[in-house]
Amino acid sequence: MFTVISTARVYPPNEETLLDTRTVPGELKWAASPTEGGWEEVSIMDEKNVPIRTYQVCNVMEPSQSNWLRTDWIPRSGAQRIYVEIKFTLRDCNSLPGVTGTCKETFNLYYYESNNDREHYIRESNFLKIDTVAADESFTQVDIGDRIMKLNTEVRDVKVTTRKGFYLAFQDVGACIALVSVRVFYKTCPLTVRNLATFPDTNTGADTSSLVEVRGSCVNQSEEREEPKMYCGADGEWLVPIGGCVCNLGYEERSGVCQACTVGFNRAVSTDRACSKCPPHSHSEKEGAAVCDCNPGYYRSESDPASMPCTQPPSAPQQLISEVNETSVVLEWSAPLRLGGRSDISYSVDCLLCHGPESQTGNRTQIGNVLFSPQQSGLRATRVCVSELQAHTRYTFTILARNGVSQGHSAGAGQSVSVTLTTNQAAPSPVTSIQAGDVTRHGVSLAWQQPDRPNGVILEYEVKYYEKDQKESSYRIMKTASRSADITGLSPLTVYLYQVRARTAAGYGEFSGPLEFSTNSDPLPLIGDAASSTLLLLSISGGVILLLTSTAVFIISRRYKHIWIYVDPFTYEDPDQAVHEFAKEIDATYIHIEKVIGIGEFGEVCSGRLRLQGKREIYVAIKSLKAAYSNKQRQDFLSEASIMGQFDHPNIIRLEGVVTRCKPVMIITEYMENGSLDAFLRKHDGHFTVIQLVGMLRGIASGMKYLSDMSYVHRDLAARNILVNSNLVCKVSDFGLSRVLQEDPENAYTTRVTGTYHSPGGKIPIRWTSPEAIAYRKFTPSSDTWSYGVVMWEVMSYGERPYWDMSNQDVIKAIDEGYRLPPPMDCPVCLHQLMLDCWQTERTHRPSFTQILNMLDKLIRNPTTTLRRTGGDRPVPSLLEPVGGPEFVSVWSAEDCLQAIGMGMYRDTLTTAGYTSPDSLLTLTHQDMTSIGIITPSHQDQILASVQQVLLSHMQQIQEQMPDSMVPV
Ligand code: ACK
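Position one of the sequence shown corresponds to residue 1 (UniProt numbering), numbered consecutively onward.
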């Protein structure tokens, strides 16, 4: 028998043993075939004297041996490849005396997969061969009796994947063998932790080259950084770790596990490897803190990293000083004593009296009118300039310091410092928009607008002028209380520079930029058709003019004082500049729209209320520009405002302002309660007296005279474009179609209008338009006169359609053939005569608006002799006839008139300024009133609205005492 040396073995950690004959207690009792004379179970003692089971066979002398030995069923336990380690001794045939060729030195190893753990019989042919096993070079010496034998160890492996278990078989073919031990095992990659991920014990794959992919799971208190993966190789080794996990915040990696940060420490960002001590002014009370909490009174802003110390809001700014300069103030302060441990300090300025919409433009903030430079909040520097404050007003400014942790933690007054100051009385802002009107050889008329910020009552204006060549070395000064000046005594054909400044109780404002203008070489002033025709009229009437009443002289003199030429907004490159030159931008929040009253060419027309700061609320009409508009439409729409904004007359619709900086774009005008004149008259057919109708016509003529004096041609004068207010005052509106008079009219407007009456300039209202304007677009104040005649006819016929239902072509033809509209029913002859004068084919024979106005005034003054005749039975007065006597003035004075409208307090002011007759009051404009010191807007409105009305109703009383032929129509 054998004694086995040193058989004690320790299994490697990546091998799972399925069978080890050396650990089987008792006999193995494997199935041998043949049962006798083949394999034999033999017990031997190992080196520790522990009995072990072996199988032996040694039939070397007999031929054709096939001795099978089969193990019991071995469960594969999930293994896919098993390893069989056989320790055996094998006798060298040569060492056996007397053996023949039958002796073998190998045996065969087989396997058979099966689910059956108790197979009685397995056919030998069902076994699959694993290998033929021979003794090899490496062996251990075994002491067998008195001889030394070699103990071989051979390992074979095979894939077992189809059944739950398998049997092994050893076939001896005639060798002398002792199977000392058989161990069956498979290989695993043992449980491991790599990159904070746990990989479980994993069976190797079925093939020798297979890699099993295994997903790891993060260890406690950690989370995946990138999916952890590793491969289990066939030899039970882990290969290629990928991805891994990181410890949760508040934990750090120690010895492959995540351990909580201790008290007073934190780990707040995953890129930090280890826990760190809490930053200053913070603490952690529990283990595992991700973030240390701030100590009481200390804070962290949302953007502060947790590693940053906790900080505090700043204390108040110090040493606030203010320096007032008129209506500006410079505020300066020093940084707070305590910055709270931060560097992101900023300041804001609070101003209790500064209201209104806020905007940031360039490097300044605007709140209402007040400007903060560089801004009102978020100031980095310790200085701010606040300007455009109200003069003479007490303001309190508070400077507030804040930093990143002020939000919600500010201790209020603790962070701010205040100063109260009073602004000075300020000089007026510079005069802008000076315009030159009448230029002669020796003089020029200048006019200008009031400064944007008068900062008080303007006492006078100073005009400085000097020859351009002489620079300012010798200049002359002229003072005036009004916003116009006639400069005389200039040298002909010389370029002069003119500057204007305003004076209030606070002193002079700055001079305007210089306006450059040359005097004429031409001895006669020529300003548009209206002026020349007036001069013509004056020269024709020669001595007659001397007979004009003081009123007429007054009107003419005022007219010359105010020559001002209308500026075509289309000559501006930037249409917005034009609109802002002539129209005030209104904050949309000051407007309350109440209802839609109509549809205009560009969108809805609404009525509503407007309350401007410091002014009483007024009713307004609001024209808005529809939502989807082109640039061209916006420009056309706003051009109406640019035109309207240049006018200031009681019979021209007044522009309140525009809204262009937000949508919808709007034009705000005064509200006219009775809407358009044509509809109004149709609604009240037959309800008015002739004198009331003439009163309306007078208003329209007065407005048109004003426009023609400004060289403005309306082009669409018609009753539908006249608006009527609650006092029956008529005002010219709709400046959409109109264009400025061209310098050289012969060159312009030559487009011949064809059948459709559309031309590049727009539609032409045929029934209202003069023949020369229709034929070759010759639009002049005389073509407006033609239209005025048609308006007269519309008014006297209570809104009848001119030429009734005749076609446009027929109208043109009829006019060409000399046909004219007949007098409307009950129309006084003189009025129809005036219409016929307006419809003279030769335009120069038509009356100017000055003449029309004089004529109407004459009719109003002498209603008993002029208005009573209807039907053309008696001769009518000529337009050039001298204006009638002063009956009107004698019965009714300017003083009475002012008294009647509750404005008696202005009697002296107006008389001193030359407004002595009632009809001189009719020429008053807002501008006139402001310049003579009637500055209260409501009083100005009251005077404008009521004077015409009172005078007309007075005339009506006179008329009522007339004979019955003068019945209301
Ligand atoms: O005839 P109406 O009532 O008077 O209908 C038209 C409509 O808007 C479209 O133009 C009316 N409208 C225009 N401007 C004013 C205004 N300033 N005051 C009152 N109504 C106005 C016009």
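Note that the Cβ used here is the ideal one computed from N, Cα and C, for glycine as well.
- Under the DSSP assignment, Leu-90 falls outside any alpha helix (DSSP H), being part of the beta strand (DSSP E) whose first and last residues are 81–90.
- For Ser-783, there is no enclosing beta strand (DSSP E); the residue is part of the alpha helix (DSSP H) that begins and ends at 781–796.
- Look at His-592 here: in three-state DSSP terms it is strand.
- Counting along the chain, the unbroken beta strand (DSSP E) around Cys-232 starts and ends at 222–232.
- Looking at Asn-455, Phe-517 and Ile-434, the one whose alpha-carbon comes closest to that of Tyr-466 is Phe-517.
- In the three-state scheme derived from DSSP, where H, G and I count as helix and E and B as strand, Lys-129 is classed as strand.
- Residue range 907–912 is occupied by the alpha helix (DSSP H) that includes Thr-909.
- Of the heavy atoms belonging to ligand 1, at least one sits nearer than 8 Å to the Cβ of Ile-599.
- Secondary-structure assignment with DSSP links Met-666 through a beta bridge to Ser-624 and Val-659.
- Here the C-alpha atom of Leu-898 lies approximately 13 Å from the C-alpha atom of Leu-924.
- Straight across, the Cα-Cα distance linking Val-665 with Ala-289 is about 59 Å.
- The nearest non-hydrogen atom of ligand 1 is 8 Å or more from the C-beta of Leu-421.
- The secondary-structure analysis by DSSP pairs Cys-93 with nothing; it has no beta-bridge partner.
- Ser-708 sits close to Phe-849, with the two beta carbons spaced by under 9 Å.
- For Thr-17, DSSP records a beta bridge to Phe-185.
- The shortest CA-to-CA distance from Thr-571 to any of Ser-642, Glu-40 and Ala-894 is the one to Ser-642.
- The beta carbons of Pro-569 and Ser-639 sit about 5 Å from each other, so the pair counts as a contact at 8 Å.
- Distance between Tyr-819 and Arg-441, taken at the CA atoms: about 46 Å.
- The bridge partners DSSP lists for Val-567 come to none.
- Relative to the Cα of Ile-74, the nearest Cα in the group Ile-44, Met-672, Tyr-186 and Cys-278 belongs to Tyr-186.
- As DSSP reads the structure, Trp-68 sits in a beta bridge with Ser-33 and Gln-171.
- Residues of the same chain with a CB within less than 8 Å of the CB of Pro-279, apart from the 5 flanking positions on each side, are Cys-292, Ala-306, Ser-307, Met-308, Pro-309 and Cys-310 in chain order.
- With fewer than 16 other Cβ atoms inside 10 Å of its own Cβ, Asn-220 counts as exposed.
- Gly-174 sits away from Thr-89, with the two beta carbons spaced by 9 Å or more.
- For Val-500, the enclosing beta strand (DSSP E) stretches over residues 495–504.
- Cβ-Cβ distances below 8 Å link Glu-594 to Cys-606, Ser-607, Gly-608 and Arg-609 in the same chain, with the five nearest sequence neighbours on each side left out; the list follows chain order.
- For Ile-652, the CB stays at least 8 Å from every heavy atom of ligand 1.
- DSSP places Ala-274 in the coil class of the three-state scheme, outside both helix and strand.
- Remark: the shortest separation between the CB of Glu-472 and any heavy atom of ligand 1 does not fall under 8 Å.
- Taking Glu-585 as the centre and dropping the five residues before and after it, the same chain places the C-beta of Gly-657, Val-658, Val-659, Thr-660 and Arg-661 closer than 8 Å to its C-beta, in chain order.
- With a threshold of 16 other beta carbon atoms within 10 Å, Asn-403 meets it and is buried.
- In the structure shown, the three-state DSSP call for Arg-123 is coil.
- Per the DSSP secondary-structure output, Phe-166 pairs in a beta bridge with Ile-74 and Glu-113.
- By alpha-carbon distance to Val-463, the top candidate from Gln-318, Leu-853, Arg-503 and Ala-426 is Arg-503.
- Gln-633: member of the alpha helix (DSSP H) spanning 631–644, first to last residue.
- For Tyr-112, the number of other beta carbons within 10 angstroms of its own is at least 16, and it is reported as buried.
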